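Trainee: Counting in the numbering used here, the final residue of the sequence shown is number 347, and the numbers go up one at a time with none missing. Where a beta carbon is used, it is the ideal one built from N, C-alpha and C, also for glycine. Since we're looking at a predicted model, the values are computed, not measured. Quick one: the structure is below, and I'll ask about it shortly.
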Amino acid sequence: MRVLDTYISGLGVFLPETMSVDDAVAQGLYPAADAATNQLTGVAIAGDLPAPEMALRAAQDAVKRAGADPESISLLLYADAWHQGPDGWQPQYYLQRHLVGGDVLAVEVRQGCNGMFSALELAASYLAAQPDRRTALAVAADNFGTPLVNRWRTGPGFIVGDGASAVLLSKESSFAQLMSVRSVAIPELEELHRIGQPLFPPAATTGLGMNLADRAGEFKKWAMTQPDVMDAWLKLYRRMLEVINPTLEDAGITIRDVTRVSFPNSGRDVVEQRWTAALGLTLAQSTWEFGRTIGHISASDQIIALDHLLSTDELRPGDNYLMVGIGPGITISSAVIRINDRPRWLV
Numbered sequence: 001m002r003v004l005d006t007y008i009s010g011l012g013v014f015l016p017e018t019m020s021v022d023d024a025v026a027q028g029l030y031p032a033a034d035a036a037t038n039q040l041t042g043v044a045i046a047g048d049l050p051a052p053e054m055a056l057r058a059a060q061d062a063v064k065r066a067g068a069d070p071e072s073i074s075l076l077l078y079a080d081a082w083h084q085g086p087d088g089w090q091p092q093y094y095l096q097r098h099l100v101g102g103d104v105l106a107v108e109v110r111q112g113c114n115g116m117f118s119a120l121e122l123a124a125s126y127l128a129a130q131p132d133r134r135t136a137l138a139v140a141a142d143n144f145g146t147p148l149v150n151r152w153r154t155g156p157g158f159i160v161g162d163g164a165s166a167v168l169l170s171k172e173s174s175f176a177q178l179m180s181v182r183s184v185a186i187p188e189l190e191e192l193h194r195i196g197q198p199l200f201p202p203a204a205t206t207g208l209g210m211n212l213a214d215r216a217g218e219f220k221k222w223a224m225t226q227p228d229v230m231d232a233w234l235k236l237y238r239r240m241l242e243v244i245n246p247t248l249e250d251a252g253i254t255i256r257d258v259t260r261v262s263f264p265n266s267g268r269d270v271v272e273q274r275w276t277a278a279l280g281l282t283l284a285q286s287t288w289e290f291g292r293t294i295g296h297i298s299a300s301d302q303i304i305a306l307d308h309l310l311s312t313d314e315l316r317p318g319d320n321y322l323m324v325g326i327g328p329g330i331t332i333s334s335a336v337i338r339i340n341d342r343p344r345w346l347v
């Protein structure tokens with residue numbers, strides 16, 4: 001989707017302290033072989049700090065940095081991948097109560113690690129629908145430090161970390177512009193993240209832990225006996241290009257115009273062989289060196305990386321930032337952000 005006249009006026013990030021992978025290996029939490037293969041160095045761990053509180057802190061920073069009035073926000077979208085609080089309770093209203101006020105449409109976006117892409121697309125469309133809608137807030141937050149998650153062994157090639165991010169979108173010209181955003185689903189691979197588990201009762205109600213690595217292994221074995229599924233699996237990364245190339249076209253650029261690119265925070269082989277090589281980019285153009293220090297923070301990876309690149313002056317006016325994500329569904333998402341100026345909070 002080509003996005004018109006939609007700008008990023010504020011960014012907010014909350015990152016707790018990190019634990020080193022070396023310490024995790026020494027304590028027997030993380031296999032030494034995985035550490036050598038993936039070359040990850042640390043993971044952000046929030047302890048008992050709730051995800052909605054991290055989301056609130058990131059959102060407060062985004063609003064403050066933008067110099068915006070939180071009561072002027074027209075839409076609040078809250079993206080998450082893991083449980084946020086008591087069952088039957090909605091986390092977006094925590095931010096509505098403590099930040100934006102009661103007249104805002106507030107919605108939770110449950111699309112796993114691609115939730116922020118969906119939030120950006122929905123927010124941009126919502127702002128464009130009516131002239132009096134001026135700003136929208138998209139946040140993402142997760143704390144995986146619960147009994148049903150072993151963050152060190154949850155997924156193949158990554159370690160899940162905790163944290164939050166926030167993006168304030170505006171119709172007023174600002175330091176960065178959302179140029180395009182797009183997602184595509186590959187429903188033939190829907191079973192990848194649930195194989196071997198019943199749809200009912202939900203696993204969280206029975207005490208069954210989340211282990212995506214084991215499910216992925218079982219799915220690959222099963223897929224070998226299903227020609228249509230195996231065909232979709234083999235085409236997975238080709239479909240990535242079918243998402244990214246139109247996103248670049250919508251932004252009016254080519255891959256040669258991309259200054260930096262971010263993917264989900266994963267091991268070196270995953271990023272280098274499956275992502276940058278397919279795009280004709282180098283590992284140095286990616287945010288892997290930063291991402292390897294904090295872990296895979298679900299829907300926040302790409303926004304946290306954007307904030308880091310801006311604060312370290314690695315993205316400058318005129319640069320194009322490509323974000324790419326993959327999540328359960330399977331969905332593949334991408335977005336292009338153009339840097340217009342140095343953010344006001346860094347001047």
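Using alpha carbons as the reference points, say which of 11, 285 and 38 lies closest to residue 22.
Mentor: Here the question's residue 22 lines up with position 22 in the sequence shown. Answer by Cα proximity: 38.
Trainee: Would you kindly check if the distance between the Cβ of residue 283 and the Cβ of residue 293 is under 8 Å?
Mentor: Within the sequence shown, numbered from 1, the residue matching residue 293 stands at position 293. Within the sequence shown, numbered from 1, the residue matching residue 283 stands at position 283. Not in contact: residue 293 and residue 283 (Cβ atoms no closer than 8 Å).
Trainee: Got a sec? Which residues, its chain only, sit under 7 Å from residue 241 by beta carbon, not counting five neighbours each side?
Mentor: In the sequence shown, counting from the first residue as 1, residue 241 sits at position 241. Counting only Cβ-Cβ distances below 7 Å, and skipping sequence neighbours, we find 278.
Trainee: Can you tell me where the alpha helix (DSSP H) with residue 142 in it begins and where it stops?
Mentor: Numbered from its first residue, the sequence shown carries residue 142 at position 142. No alpha helix (DSSP H) holds residue 142; the beta strand (DSSP E) holding it covers 135–142.
Trainee: Beta carbon of residue 44, beta carbon of residue 163: below 8 Å?
Mentor: Counting from 1 along the sequence shown, the entry for residue 44 is found at position 44. Counting from 1 along the sequence shown, the entry for residue 163 is found at position 163. Result yes, Cβ atoms of residue 44 and residue 163 sit closer than 8 Å.
Trainee: Is the Cβ-Cβ distance between residue 259 and residue 199 less than 8 Å?
Mentor: As a first step, residue 259 must be located in the sequence shown, where it is residue number 259. As a first step, residue 199 must be located in the sequence shown, where it is residue number 199. For residue 259 and residue 199, no; Cβs fall outside 8 Å.
Trainee: Taking 8 Å as the cut-off, does the stretch 83–92 touch the stretch 172–184 (at least 3 CB pairs, one atom from each stretch)?
Mentor: No, the stretch 172–184 does not touch the stretch 83–92.
Trainee: Tell whether a beta-carbon distance below 8 Å holds between residue 76 and residue 137.
Mentor: For the purposes of this step, residue 76 is identified with residue 76 of the sequence shown, where counting begins at 1. For the purposes of this step, residue 137 is identified with residue 137 of the sequence shown, where counting begins at 1. Yes, the pair counts as a contact, with Cβ atoms nearer than the cut-off.
Trainee: Need the endpoints of the beta strand (DSSP E) that residue 320 sits in, please.
Mentor: Translated into positions along the sequence shown, residue 320 becomes position 320. It spans 320–327 - the beta strand (DSSP E) in which residue 320 sits, taken as one unbroken run.
Trainee: Measuring straight from C-alpha to C-alpha, what distance separates residue 238 and residue 330?
Mentor: In the sequence shown, counting from the first residue as 1, residue 238 sits at position 238. In the sequence shown, counting from the first residue as 1, residue 330 sits at position 330. Each residue's Cα considered, the two are about 13 Å apart.
Trainee: Can you find the residues in the same chain that come closer than 7 Å, C-beta to C-beta, to residue 222, ignoring five residues on each side of it along the sequence?
Mentor: For this step, residue 222 is matched to residue 222 along the sequence shown. Excluding residues within five positions, the ones whose Cβ falls inside 7 Å are 195.
Trainee: Out of 344, 67 and 14, state which residue places its alpha-carbon closest to the alpha-carbon of residue 49.
Mentor: Position 49 of the sequence shown holds residue 49. Ranking the options by Cα distance to residue 49, first place goes to 14.
Trainee: From the DSSP output, read off the bridge partner residues of residue 247.
Mentor: Position 247 of the sequence shown, counting from 1, holds the residue named residue 247. For residue 247, which the question treats as bridged, DSSP gives no partner whatsoever.
Trainee: Around the C-beta of residue 324, are 16 or more other C-beta atoms found within 10 angstroms, so that it is buried, or is it exposed?
Mentor: Here residue 324 refers to the residue found at position 324 of the sequence shown. Under this definition residue 324 is a buried residue.
Trainee: Mark residue 19 as exposed unless 16 or more other C-beta atoms lie within 10 angstroms of its C-beta, in which case mark it buried.
Mentor: Taking the first residue of the sequence shown as position 1, residue 19 is located at position 19. The residue in question, residue 19, is buried, as its Cβ has 16 or more Cβ neighbours within 10 Å.
Trainee: Quick one: complete beta strand (DSSP E) runs, 3+ long, within the stretch 143–202?
Mentor: Entirely contained in the stretch 143–202, the beta strand (DSSP E) runs reaching 3 residues are, in chain order, 163–170 and 176–185.
Trainee: Assess contact between the stretch 295–314 and the stretch 223–232, defined as three or more Cβ pairs (one per stretch) separated by less than 8 Å. Is contact present?
Mentor: Segments in contact, no.
Trainee: In terms of residue numbering, what span does the alpha helix (DSSP H) encompassing residue 286 cover?
Mentor: Here the question's residue 286 lines up with position 286 in the sequence shown. Looking at the DSSP string, residue 286 is not in any alpha helix (DSSP H), and its letter there is neither H nor E.
Trainee: With 16 as the cutoff for other CB atoms within 10 Å, does residue 53 come out buried or exposed?
Mentor: Taking the sequence shown and counting its residues from 1, the one referred to as residue 53 is at position 53. Buried: at least 16 other Cβ atoms inside 10 Å.
Trainee: Kindly indicate which residue of 74, 183 and 206 has the alpha-carbon position closest to the one of residue 132.
Mentor: Start at 1 with the first residue of the sequence shown, and residue 132 comes out as number 132. Of the candidates 74, 183 and 206, the one whose C-alpha sits nearest the C-alpha of residue 132 is 74.
Trainee: With distance defined between alpha-carbon atoms, name the residue in 177, 80, 157 and 114 nearest to residue 32.
Mentor: As a first step, residue 32 must be located in the sequence shown, where it is residue number 32. The candidate whose alpha carbon is nearest that of residue 32 is 157.
Trainee: Can you tell me where the alpha helix (DSSP H) holding residue 271 begins and where it ends?
Mentor: Position 271 of the sequence shown, counted from the first residue, corresponds to residue 271. Run containing residue 271: none; DSSP gives neither H nor E here.
Trainee: So, is residue 36 buried or exposed, given that buried needs 16 or more other C-beta atoms within 10 angstroms?
Mentor: For the purposes of this step, residue 36 is taken as the residue at position 36 of the sequence shown. Classification of residue 36: exposed, given that the 10 Å Cβ count is below 16.
Trainee: According to DSSP, is residue 1 part of a helix, a strand, or is it coil?
Mentor: Mapped onto the sequence shown, residue 1 falls at position 1. It is coil, neither helix nor strand.
Trainee: To the nearest angstrom, how far is it from the Cα of residue 84 to the Cα of residue 245?
Mentor: One-based indexing of the sequence shown puts residue 84 at position 84. One-based indexing of the sequence shown puts residue 245 at position 245. Going by the C-alpha atoms only, they are around 35 Å apart.
Trainee: Alpha carbon to alpha carbon, how far is residue 208 from residue 251? Give it in angstroms, no decimals.
Mentor: Here residue 251 corresponds to residue number 251 of the sequence shown, with the count starting at 1. Here residue 208 corresponds to residue number 208 of the sequence shown, with the count starting at 1. Rounded to whole angstroms, residue 251 to residue 208 spans 43 Å at the Cα level.
Trainee: Is residue 37 helix, strand or coil by DSSP?
Mentor: For this step, residue 37 is matched to residue 37 along the sequence shown. Three-state result, residue 37: helix.
Trainee: Quick check: what's the CA-CA separation for residue 9 versus residue 344?
Mentor: Here residue 9 refers to the residue found at position 9 when the sequence shown is read from its first residue. Here residue 344 refers to the residue found at position 344 when the sequence shown is read from its first residue. Distance between the alpha carbons of residue 9 and residue 344 is about 9 Å.
Trainee: Determine the contact status of residue 160 and residue 308, defining contact as a CB-CB distance below 8 Å.
Mentor: The sequence position of residue 160 within the sequence shown is 160, counting from 1. The sequence position of residue 308 within the sequence shown is 308, counting from 1. No, the pair does not count as a contact, with Cβ atoms beyond the cut-off.
Trainee: How far does the beta strand (DSSP E) with residue 19 in it reach, from first residue to last?
Mentor: If you number the sequence shown from 1, residue 19 lands on position 19. Unbroken beta strand (DSSP E) run through residue 19: 18–20.
Trainee: Among 150, 265 and 178, whose alpha-carbon lies nearest the alpha-carbon of residue 28?
Mentor: Position 28 of the sequence shown, counting from 1, holds the residue named residue 28. Checked all of 150, 265 and 178; the closest Cα to residue 28 is 150.
Trainee: By the DSSP assignment, the alpha helix (DSSP H) with residue 13 in it spans what residues?
Mentor: To locate residue 13, count along the sequence shown from 1; it is residue 13. Run containing residue 13: none in the alpha helix (DSSP H); it sits in the beta strand (DSSP E), 7–14.
Trainee: Can you tell me whether residue 108 is helix, strand or coil according to DSSP?
Mentor: Locating residue 108 in the sequence shown gives position 108, where the first residue counts as 1. Three-state DSSP puts residue 108 in a strand.
Trainee: Just list the beta strand (DSSP E) runs in the stretch 58–95, keeping only unbroken ones of 3 residues or longer that don't cross its boundaries, in chain order.
Mentor: The qualifying runs are 73–79.
Trainee: Give the secondary structure of residue 337 by DSSP, where H, G and I count as helix, E and B as strand, and everything else as coil.
Mentor: The count along the sequence shown starts at 1 and reaches residue 337 at position 337. In the structure shown, residue 337 sits in a strand (DSSP, three-state: E or B).
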